[in-house]
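*Asks:*
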Amino acid sequence: MSNNIKIEVAEKAGFCFGVERAVGLVEETLKNSKKPVYCWGDLIHNPLAMNRLEKKGLRIIKNLEDLAEGAVFIVKSHGMALEDLDSVKQKTTEIVDTTCPFVVKAQYYAKEFKKRGLKVIIIGDREHVEVKGIKSRANNNAFVANNLAELKKIKDKLTGKIGVICQTTQKSSKLREIVEGLKELGLELEIKNTICLNTIEKQQEVSEISAETDLLIVIGGLHSSNTTKLAEMGRAKKIKTYHVENADDILQEWFSDGMNVFLTAGASTPSDEITKAKEIIEKFNFK
Ligand code: SF4
Numbered sequence: 475m476s477n478n479i480k481i482e483v484a485e486k487a488g489f490c491f492g493v494e495r496a497v498g499l500v501e502e503t504l505k506n507s508k509k510p511v512y513c514w515g516d517l518i519h520n521p522l523a524m525n526r527l528e529k530k531g532l533r534i535i536k537n538l539e540d541l542a543e544g545a546v547f548i549v550k551s552h553g554m555a556l557e558d559l560d561s562v563k564q565k566t567t568e569i570v571d572t573t574c575p576f577v578v579k580a581q582y583y584a585k586e587f588k589k590r591g592l593k594v595i596i597i598g599d600r601e602h603v604e605v606k607g608i609k610s611r612a613n614n615n616a617f618v619a620n621n622l623a624e625l626k627k628i629k630d631k632l633t634g635k636i637g638v639i640c641q642t643t644q645k646s647s648k649l650r651e652i653v654e655g656l657k658e659l660g661l662e663l664e665i666k667n668t669i670c671l672n673t674i675e676k677q678q679e680v681s682e683i684s685a686e687t688d689l690l691i692v693i694g695g696l697h698s699s700n701t702t703k704l705a706e707m708g709r710a711k712k713i714k715t716y717h718v719e720n721a722d723d724i725l726q727e728w729f730s731d732g733m734n735v736f737l738t739a740g741a742s743t744p745s746d747e748i749t750k751a752k753e754i755i756e757k758f759n760f761k
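Take the sequence shown: its letters are residues 475 to 761, numbered as in the working numbering.
1) For D571, which three-state DSSP category applies?
2) Buried or exposed for D516, going by 16 or more other Cβ atoms inside 10 Å?
3) So what does DSSP say about R590, is it helix, strand or coil?
4) Count the other CB atoms, across all protein chains shown, that sit within 10 Å of the CB of K530; report buried if there are 16 or more and exposed otherwise.
5) Give the straight-line distance between the Cα atoms of D560 and N614, rounded to the nearest whole angstrom.
6) Is it true that the CB of T749 sits closer than 8 Å to the CB of K676?
7) Here's the rule: buried if 16 or more other CB atoms are within 10 angstroms of the residue's CB, otherwise exposed. What is K589?
8) How big is the Cα-Cα spacing for G544 and L532?
9) Give the straight-line distance between the Cα atoms of L538 and L527, rounded to the nearest whole angstrom.
10) So, under 8 Å CB-CB, E482 and F736 are touching, yes? Tell me the CB distance rounded to an integer number of Å.
11) Check whether the segment 493-508 touches the segment 746-760, counting contact only when three or more Cβ pairs, one atom from each stretch, lie closer than 8 Å.
12) Output the residue ranges of the alpha helix (DSSP H) runs that lie fully inside the segment 676-735 and measure 4 residues or longer, sorted by chain position.
13) Verify the contact flag: H552, CB atom, against every heavy atom of the ligand SF4, threshold strictly below 7 Å.
14) Going by alpha carbons, who is nearest to K764 out of I639, E604 and K657?
15) Taking only heavy atoms of the ligand SF4 into account, decide whether any of them is closer than 7 Å to the Cβ of A741.
16) For the alpha helix (DSSP H) holding K563, just list the boundary residues, first then last.
17) Going by DSSP in three states, R495 sits in which element: helix, strand or coil?
Structure (structure tokens):
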């Protein structure tokens, strides 16, 4: 018997085009290759999806030194730094590049800005593999910042024309705020909004959640950049928000009868996990 909880599932919840493409390419490679297939870290930030790929034979390595000679190497959807790719090429020429076209675009602008002699600012998480990959295309000569305050501290170095690029999974509001702040500093900017379409659409859905929403559930890897941002947006809107990795992590104690719940999921969350989450919530029983 179902309860009176009203659940709205975000239209754009779950796998994005880039992740779907990467998983498809890896599955095809696993099926056709006679050689072992390696990925440096998780292909996508979702333990469930990763388990499925590992069962099909994907080998995950933490260090590039562990890559076997002549094996197949997968470049992940968010890319990698050129210097790391060079060390892969020392061991194998069998490389399957699943870099998402949105990430390729950000890498392209980094290279192009440098070629034209611009200084480069990358808005994003310094330690994220995507940001390292973009930075390497700018000859590793770029300022990486996560907020305006960090850039204000190095204001004296920000002279001449500056190209601004953004990690694909950042919040549009953050990019806007930083760009406004940089303009106020009087800097000469060329801005490329490289936030990917799927990220923008997912965030748009959360920003438009109705005022009647009591609870936001975000499903996806706890280390997934795009998923974490969705949960941050919910909290910023003062909506009670839970970010869970799997549908099974959802607890009945968060809910009460008659609640309005909005359910969304990061770009690496398989659709059956979203369906499962909905079914779990529908089965909660309130006395
Ligand atoms: S989140 Fe965006 S950039 Fe990342 S893989 Fe998906 S579509 Fe590509």
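Note that the Cβ used here is the ideal one computed from N, Cα and C, for glycine as well.
*Replies:* Well, looking at it:
1) strand
2) buried
3) coil
4) exposed
5) 14 Å
6) no
7) exposed
8) 15 Å
9) 19 Å
10) 5 Å
11) no
12) 699-710
13) yes
14) Past the boundaries of the shown model lies residue 764; the chain is included only from 475 to 761, so the question cannot be answered.
15) yes
16) L556 to K563
17) helix
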